[in-house]
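Here's the structure we're looking at; comments come further down.
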Amino acid sequence: MEKYLYLTQYSWSHAWLDGGKVPLFQSSTYKRSERHSIFTPDENLIDSSTHDVNVLKPLIVIEGDCDVTITGDNTVNGKPFLTEGAHIKRKYEDGLVLCLANSRSNLIARKLRKSACVKILDVESLKAILDEQIEIEGQMGECTYTATHERGHFLKSNLDAWQDEFRIFWPNAKNMEVIIPPKVAQRVTIKGM
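First residue of the sequence shown? That's 0 in numbering that gives the first Met the number 0, and the numbers climb one at a time after it.
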């Protein structure tokens, strides 16, 4: 399975082409209050709630991990607030992430603010090499996108759909450098870069 890796600097492609050390970062590295380029406000959030927590504001503000079931009378000023049995379940889970793309695209490169791209020739083999070094079996898959509040490592906001993302995620792993063997990737031309 082939995927694409967009890189900030052209020189960073050498390790992917000829072998060498590359850094991997935790998903929280890509969390920012504003959504732009590689940054999102909901990175590393797992939200499987039945309702969007934003409907609770300003009466209840939830920060951090939460697992709450709403029971009984749920009215505010005589108006229904949440249905009985509403379940608010959110947590933050960090770990190493390698963000790839399913497609080569000049638009993706430009929006990510990347100047180079390599095609990973065999993602399954790369994952096995990285799993061994990280000493955790990673999870991998295509991201899906939603207009709802739900989030996960592979479920992102539809505002990020332009990224056409494929990820490998290693839960609870810390930032580290890994060794990439030669010929894992091929250089890909990005127009105008």
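Just so it is clear, CB atoms sit at the ideal spot from N, CA and C, and this is done for glycine as well. Nothing here was measured: the structure is a model prediction, and the numbers come from that model.
State the Cα-Cα distance for the pair THR145 and LEU154, rounded to the nearest angstrom.
7 Å
If we count the other Cβ atoms within 10 Å of its Cβ and call it buried at 16 or more, is ALA127 buried or exposed?
exposed
Quick one: residues in its chain with C-beta nearer than 6 Å to the C-beta of GLN138, no 5 flanking neighbours on either side, listed in chain order?
PHE168
Assigned secondary structure, ASP159 (DSSP; H/G/I helix, E/B strand, else coil)
helix
Assuming ALA210 and THR49 make a contact with CB atoms under 8 Å, what is their CB distance in whole Å?
The structure shown does not extend to residue 210, since the chain is modelled only from 0 to 192, so the question has no answer here.
Option nearest ASP121 by Cα separation, candidates VAL67, LEU99 and SER26
LEU99
Do TYR9 and VAL187 count as a contact pair if the criterion is CB distance below 9 Å?
no
Looking at C-alpha atoms only, which residue of ASP46, ILE178, HIS35 and LEU44 is the closest neighbour of ALA108?
HIS35
Nearest-angstrom Cα separation, counted from VAL54 out to ALA14
47 Å
Residues near ILE135 by beta carbon distance below 6 Å, same chain, minus five either side
TRP169 and ALA172
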